[in-house]
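What follows is one structure encoded as structure tokens, with my remarks underneath.
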Amino acid sequence: MMVFSSPSSHRFLGSLLLPLLLLPADAALESRPPGPVVPRPRHVDGHTGLASATDKLTRALEGALAGDIEAGWPVENTSFSIGLVMHDQEDKAVPVWEYHHLAAGSTNGTQHISRDSQYLIGSISKVISDYILLLSGLDLDESIATFLPELAAEESRIAWGNITLRHLANQVAGIPPNYGFSEYYYLKEYFESLGFPHLGDSAYAQCGIIGLNGGCTREQFLRGMVESYPVTQPSERPVYSNIAFTLLMFAVEERTGKSYSELLETYFSGPLGLSNTVVSPGDDDKAVIPPVDNSWGSDYGINAPGGGLVSSLSDLSIFVHGILGRTVFDSDTAVREWLKPTSSTGSLYSLVGTPWEIYRTQDLTPDHPHVVDIYAKGGSAYGYQAQLAVLDEYGAGVVLLTAGSALASGPIYDAVLATLVPALDEIAREQAVDRGYAGMFIDGASCSPSSSSLASKDANGSVAFNITVVQDGDSLVLQGVERNGTDILASFQDIWSVTVGGFLAFKPSTARIFPVDIRSEDLISGLDGAKQRVIREDWRVEWDVALNGATDLPGAGLSAGNYLGWMLTDWMYYGSESIDRVVFVLDAESEEVVGLEIPYLRSGVLRPVKTL
């Protein structure tokens, strides 16, 4: 990177780097790029680490069901199905691990639970409705009033013209959660006994109120939207809304001429080959029907897009597998974009997406603490609770379907995550070493006389390289980078001090590296001179940094948790090559590491000589 010498150049560079002055003083792994720490685990089915974890989880579940430990829910009336889905499982519909339990009190519906048994999935329906919207081709930045002009009535209390399809899909439209449904008319006398004023029936909405009137027609519903009050301004903050998804599907129906059931078949069930995902009511013979009050068999009418779908473990496994494999859209970029958060909540740990409920935690990997993002969606219907979660870092997904007590879903879901995620994390780290990511790499000329074409050369002839990659308790680390005996990492410290170090109040220390999901195929000369088909896999260096200096002023370290390291990615170059880019070279068939390249050093493909 050029060292600026003129004062004006210094001022220019300083203005560019000014935001970086807020980087944390001691950047630990909780401050890192999002995504995997090491490559996703592969072929975990049958792995001893996963088998041990699933055995532990099975014993815990069976202990809870037998009463040996406290379950936290009435086990006699609660059935459930659980599945762990992996990105590379052999059969998309068959999780690598699954567990099913039929409650002793269940007498209706199926008596043999399997992955094809049907459950109501509640608000997981929203994920599917958003998916239909994204595939429909509608412009998400168009106003909902463009599709539903009834909403543009002059007397409307909500400025529907300012609310787009994107606002609705992302739960930031600022509109009410329900229409009619939130009225507990059947508890009217109880409300009055607690001091609420007596109200006549005319005070209530004309439709959708249990115990007073029937479900809303399309016309009644849209009229109700005109009469409803806003909750907050669009894009101000997330406000959970069921009716947003009714409006979205009304818009898609208007544009396509298809009903919601037809849209479900056209965009979701048909293309993915799903046989159990339908608009309620489902198939009684396949149904898991709990021995408690429940809504199995209900006709959700216009509310179905927000919470009225039926599905199964096998169907949702196929769907999650497609998300993990980046195949549910025409491009993997579209899948990545879909998983990203679109707004924040008042919690450090909770974000909102389309319509993902994203939970960020460092508690799932106690042996290797780091932030894990869980892209999840919960669902509830009377007598049913469900959870769908995508852990993209591990190429894993969890599907949990319950029928019975609402108390069961939380403890079971937490137990699944707390038991299986640490195992997947450990397997991923173990496989990174086994596949050769950690090791010593030297130039090809030192490996074999026949491979001199692999060595980097300059005016003085062949150049000797010695690169060492290790795995510490947190990540892979570039422990040593030597070129002709010179310590390049130490040289980088000097370069830093005379370039960006003049503007930033910290210095780099540990050179951690992380995968960035950029891969390309190539042919290189093997050690025997034959051409070898390989995959080049990009990684990026992320430096731990230490603060220069100390202060006794109040607030010292207050900004330490504000991760701004992303501002330094790809910042410094040498001869048109980024100094933070590292490329692992993998055999195209086995995906074992066969080389390492440091492009800015013009290293060529360095061969592994020792696994660490």
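In mature numbering (1 follows the signal peptide of the UniProt record, and there is no 0), the protein residues as written are -27 to -1, 1 to 585. By construction, the Cβ of each residue, glycine as well, lies at the ideal position given by its N, Cα and C atoms.
Euclidean distance between Cα positions of residue 539 and residue 325: 21 Å
What residue does the alpha helix (DSSP H) around residue 594 start on, and which one ends it? This structure cannot speak to residue 594, because the chain is shown only from -27 to 585.
Can you grab the Cα-Cα spacing for the pair residue 355 / residue 277, in whole Å? Distance between the alpha carbons of residue 355 and residue 277 is about 14 Å.
Near residue 236, what residues of its chain come up, given a Cβ to Cβ distance below 8 Å and the 5 sequence neighbours on each side ignored? 105, 109, 222, 225, 226 and 229
Answer yes or no: do residue 364 and residue 394 have a C-beta to C-beta separation smaller than 9 Å? Yes; because the gap between Cβ atoms is below 9 Å, this pair is in contact.
Residue 532 versus residue 541: straight-line alpha-carbon distance, rounded: 17 Å
Here's a check: name, in chain order, each residue in its chain whose Cβ is nearer than 7 Å to the Cβ of residue 26, leaving out the five neighbours to either side. 392, 393 and 396
Helix, strand or coil for residue -5? Go by DSSP, reduced to three states. For residue -5, the predicted model reports a pLDDT of 37, less than 50, meaning its position is unreliable and no value from the coordinates is stated.
Counting pairs of Cβ atoms below 8 Å between the stretch 33 to 49 and the stretch 380 to 389, do you hit three or more? yes
According to DSSP, is residue 516 helix, strand or coil? strand
Would you say residue 212 faces chain C, with C-beta separation under 9 Å as the test? The structure shown contains no chain C; it holds only a single protein chain.
Rounding to the nearest angstrom, what Cα-Cα distance links residue 418 and residue 438 in this structure? At residue 418 the pLDDT is 44, less than 50, meaning the model places this residue with poor confidence; the figure from the coordinates comes in the next sentence. Spanning the two alpha carbons is a distance of roughly 10 Å.
What are the partner residues of residue 555, as DSSP defines its beta bridges? 512
Residue 404 and residue 15 - do their beta-carbons sit closer together than 9 Å? yes
From residue 234 to residue 338, what does the alpha carbon distance come to, in whole angstroms? Whole-angstrom Cα-Cα distance: 41 Å.
So, with DSSP's three-state summary, where would you put residue 545? coil
Give the DSSP-derived three-state secondary structure of residue 435 in the structure shown. strand
So, residue 508 versus residue 463, is the Cβ gap smaller than 9 Å? no
Just how far apart, CA to CA, sit residue 489 and residue 143? 26 Å
If we call anything under 9 Å between Cβ atoms a contact, is residue 579 one with residue 468? no
Tell me which same chain residues have a C-beta within less than 7 Å of the C-beta of residue 77, skipping the five on either side of it? 49
With C-beta atoms as the reference, is residue 352 less than 9 Å away from residue 362? no
Hey, could you find the ends of the beta strand (DSSP E) residue 492 is sitting in? 479 to 498
Roughly how many whole angstroms lie between the Cα atoms of residue 268 and residue 204? 28 Å
Can you tell me which residues form a DSSP beta bridge with residue 460? 455
Ignore the nearest five residues each way along the sequence and tell me which others in residue 350's own chain have a CB closer than 7 Å to its CB. 96, 97, 99, 100, 328, 329, 330 and 361
How close, in whole Å, do the beta carbons of residue 411 and residue 444 come, if the pair is a contact with beta carbons under 8 Å? 5 Å
Find the nearest neighbour of residue 455 within the set 161, 413 and 160, judged by alpha-carbon distance. Of the candidates 161, 413 and 160, the one whose C-alpha sits nearest the C-alpha of residue 455 is 413.
Tell me the residue span of the alpha helix (DSSP H) that contains residue 234. Its alpha helix (DSSP H) spans residues 233 to 237.
Whole angstroms is fine: what's the gap from residue 497's alpha carbon to residue 565's? 15 Å
Inter-residue spacing [alpha-carbon to alpha-carbon] between residue 137 and residue 304: C-alpha separation (whole angstroms): 24 Å.
Do residue 473 and residue 512 have their C-beta atoms closer together than 9 Å? no
Beta strand (DSSP E) segment containing residue 242, residue limits: No beta strand (DSSP E) holds residue 242; DSSP gives it neither H nor E.
Where does residue 526 land, buried or exposed, given buried means 16+ other C-beta within 10 angstroms? exposed
Residues in its own chain within less than 7 Å of residue -6 by CB, not counting five upstream and five downstream? Only weak support exists for where residue -6 lies, its pLDDT of 36 falling under 50; the coordinates are left without a value.
Complete alpha helix (DSSP H) runs within the stretch 17 to 50 (minimum length 4 residues, chain order): Complete alpha helix (DSSP H) runs here, min 4: 21 to 39.
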